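Worksheet: the structure to be examined is printed underneath.
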Amino acid sequence: MPADERIRVTFLRVDVLNDADCCGTGEWYFIAEVDGRPVGDRSRIFNAEEGRSISLPEAEWSIVVDVTGRDLDTRPVRIRFQVRDQDVTSDDDLGTIDYRLRRDVRQGFFRNNRTATQYFVLHW
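Taking this note's numbering, the leading residue of the sequence shown gets 1205, the next gets one more, and so forth.
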């Protein structure tokens, strides 16, 4: 691990593949956490339109985790991002990205190609 033993996770955007609404656009909200700490504003509702992207403000959707002295093989940084569609009677769960960040951490951009979902692609 380099001298700076902190990891920054930033959720960048969500590409809408299927808005999960039969009429109009979806009303999506996100529940995210990194290493057990909440990230973002769960109460914010985003207009989800098929074929469009939802950009996430970095100030709200970014967090730094200190991993000083931590063995990432045995205690990885857990990254979770759930998408829900707000409806009148009950909200729909559109899927959760659940990733464990282990050793050999390096800077880069990721998307949820390891976890298939028919509704969205998460870029982080």
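Note that the Cβ used here is the ideal one computed from N, Cα and C, for glycine as well. Quantities reported herein were computed from a predicted structural model and do not represent experimental measurements.
Residues bridged to residue i [DSSP beta-bridge criterion]
i            : result
residue 1264 : The partner list for residue 1264 (beta bridge, DSSP) is empty, contrary to what the question assumes.
residue 1232 : 1250, 1289
residue 1209 : Partner(s): none; residue 1209 has no beta bridge.
residue 1214 : 1266
residue 1241 : 1238
Best match in the options for proximity to residue i [C-alpha to C-alpha]
i            : options                : result
residue 1228 : 1254, 1292, 1279       : 1254
residue 1297 : 1216, 1225, 1240       : 1225
residue 1272 : 1301, 1307, 1248, 1303 : 1307
Burial state of residue i (16 or more Cβ within 10 Å)
i            : result
residue 1263 : exposed
residue 1243 : buried
residue 1230 : buried
residue 1275 : exposed
residue 1208 : exposed
residue 1277 : exposed
Three-state secondary structure assigned by DSSP to residue i
i            : result
residue 1294 : coil
residue 1280 : coil
residue 1300 : strand
residue 1271 : coil
residue 1219 : strand
(message) Contact between the stretch 1261 to 1270 and the stretch 1287 to 1295 is defined here as three or more beta-carbon pairs at a separation below 8 Å; is this criterion met?
(response) no
(message) For the pair the stretch 1217 to 1230 and the stretch 1269 to 1284, tell me if three or more CB-CB distances fall below 8 Å.
(response) no
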